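Input: a single structure, listed below in structure tokens.
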Amino acid sequence: VAPELLQRLAELIHRGKRVSFWWTMGINQSHEGVRTAQAIINLALMTGNIGRPGTGANSITGQCNAMGSRLFSNTTNLLGGHDFTNPGHRHKVADILNIPEQNIPRQNSWAYSEIIEGIRTGAIRGLWIIATNTAHSWINQNDVKELLGKLDFLVVQDMYHSTETAAYADLVLPAAGWGEKEGTFINSERRFGVIRSVKKAPGQALSDFRIFRLVAESWGCGHLFANWTTPESVFQSMKQLSAGQPCDITGITDYRMLDELGGVQWPCKPNDAATLQYNTNERRLFSGGHFFHADGRAKFIFEEPQSQPEPPDAEYPFTLLTGRGTASQWHTQTRTSKSAILRKLYPQDAYLEINRADADVLKIMDGAMLQVTSRRGSITLRAVITSTVRPGQVFAPMHYDCVNQLTQSVFDPYSRQPGYKACAVSLNAADCFPL
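This is how it looks when you write it as structure tokens:
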């Protein structure tokens, strides 16, 4: 994009009274997703579209508690957004959890891509997968399936025993669904809300909380979780851990307060809590022009754009995009594929959307079967001719389990998010003769 065009865009946005920026996983799931999102935030900031009604930079993610996992670190950071490598952080967390400080690792834990490489090298021989259908959803699927087969022992903890990943498991732990357990979620407006159990989990299924406690007892380390008596007791610990963080919620007393107020937005320090009332407790971040930096000022973050890791070429002339398909499909279809009604609403054959101009050049008819090939695999998809895909690009929904046989092992250097949104492919007729 020419710098002059970007300048015109910024000026146009600045002339607007209010502009709100929204994006979904197409931005985040790329080799430079973090910096692309940061560029959007920079644009919102420089045009005055932060901290006012009708403005803001808003990322829509794929799960209802995505913000909860980011803020409270169920991935690679120390609990509550703290750093394993920071001695002060380790001391704080150990003190709040009432555990020996030496029990906390001094190095950051591994990102998902590093776990996969750890299996490859033999550093990881056992794996415990929770609420994730890795064998379907992970990038470069043929590679990850081979690596799952190398493990000495694989545990899968999920609501469903029928996922592609569970088929590789040595042990499946049946987990309760969201209506069968309690806890808190954080939605996209930063609001904590309480989830209550409305029915007992079927069969041997237990809440994730209960499973963790039982495994800890079995491993002889249950005493380290002595304070974790209920999900609400864990919330109280997380509340203490949030002190001094951007997401400080030390002003939330308990679940009852969340219920009575219809949820509470972070941050909520004790002085914030005193002003809250039911359904009138909305608070806008940055309205006073103060940001989460020592000097209170916002900062622009920029890096030079990086080239696409796998650009199209003569052998693989198209760029494949993957993402969500129809409204009746969801992620890896562990649930939506079980509904007879929903199955009637989406195409049964995995399909590939292609621009009409490209289809005309290659003499592809709508509904034709195509062999789609990347440097990692080859699959058969039904052609759908459309104007919604740009020439030179093709699109396949991620819901079909074959699609990630094509995607490449490329990751954002900051978020470690997989780059699902671009890889080079070729198209052939399904009988394998070139088009």
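Mind the numbering: the sequence shown is residues 200 to 634 in our numbering, read in order. From the three backbone atoms N, C-alpha and C, an ideal C-beta is built for every residue, glycine too. Small disclaimer: the values here were computed from a predicted structure and weren't measured.
- Assigned with DSSP and collapsed to three states, V609 falls in coil, not helix or strand.
- Taking 8 Å as the upper bound for CB-CB distance, A526 and L551 are not in contact here, some 19 Å apart.
- Considered as a whole, the stretch 453-541 harbours 454-460, 469-472 as its complete alpha helix (DSSP H) runs of no fewer than 4 residues, in chain order.
- Beyond the five residues adjoining it in sequence on each side, W337 comes within less than 7 Å, by CB distance, of V343, N603 in the same chain, given in chain order.
- The Cβ atoms of V609 and I553 lie no closer than 8 Å to each other.
- For M568, DSSP records a beta bridge to R581.
- Contact between E514 and Q607 is ruled out by a C-beta separation of about 15 Å, above the 8 Å threshold.
- In this structure, A334 is the residue among A334, L278, V200, E300 with its C-alpha nearest to the C-alpha of M597.
- Nearest to I329 by alpha-carbon distance, out of V371, H288, N339, is V371.
- For H281, the three-state secondary structure derived from DSSP is strand.
- For G392, there is no enclosing alpha helix (DSSP H); the enclosing beta strand (DSSP E) covers residues 390-394.
- In the DSSP assignment, F424 falls outside any beta strand (DSSP E), carrying neither H nor E.
- With distances taken between CA atoms, Q570 lies nearest to F517 out of G522, F517, L460, L346.
- One Cα belongs to T331, the other to S586, and the distance between them is close to 34 Å.
- Apart from the 5 residues on each side of it in sequence, G232 sits with its Cβ closer than 7 Å to the Cβ of I226, D611, S614, Q616 in its chain, given in chain order.
- A Cβ-Cβ distance of about 7 Å is found for the pair D512 and A623, placing them in contact under the 8 Å criterion.
- Boundaries cannot be given for E231, as no beta strand (DSSP E) includes it and DSSP labels it neither H nor E.
- Secondary structure at I563: coil, using DSSP grouped into helix, strand and coil.
- T474 has its alpha-carbon roughly 11 Å from the corresponding atom of L460.
- In this structure A238 does not touch S258 by the C-beta definition: roughly 13 Å separates them, more than the 8 Å allowed.
- Rounded to the nearest whole angstrom, the C-alpha separation of T364 and Q528 is 19 Å.
- Using a 10 angstroms sphere on the CB of H213, the tally of other CB atoms stays under 16, which defines it as exposed.
- In the DSSP assignment, Y311 falls within the alpha helix (DSSP H) that extends over 311-320.
- Counting along the chain, N341 sits inside the alpha helix (DSSP H) bounded by residues 340-347.
- In the DSSP assignment, V624 falls within the unbroken beta strand (DSSP E) covering 622-628.
- Rounded to the nearest whole angstrom, the CA to CA distance from Q340 to D351 is 20 Å.
- As a beta-bridge residue in DSSP terms, T383 pairs with V393.
- For L372, the enclosing beta strand (DSSP E) starts and ends at 370-373.
- The C-beta of M564 has fewer than 16 other C-beta atoms within 10 Å across all chains shown, which makes the residue exposed.
- The beta-bridge partner set that DSSP reports for S219 consists of G255.
- By the neighbour-count criterion, in which a residue is buried when 16 or more other Cβ atoms sit within 10 angstroms of its Cβ, S387 is exposed.
- Rounded to whole angstroms, the Cβ separation of I323 and F391 is 34 Å, and the two are not in contact under 8 Å.
- By the Cβ criterion, the stretch 265-280 is in contact with the stretch 440-447, since at least three pairs of Cβ atoms, one from each stretch, lie closer than 8 Å.
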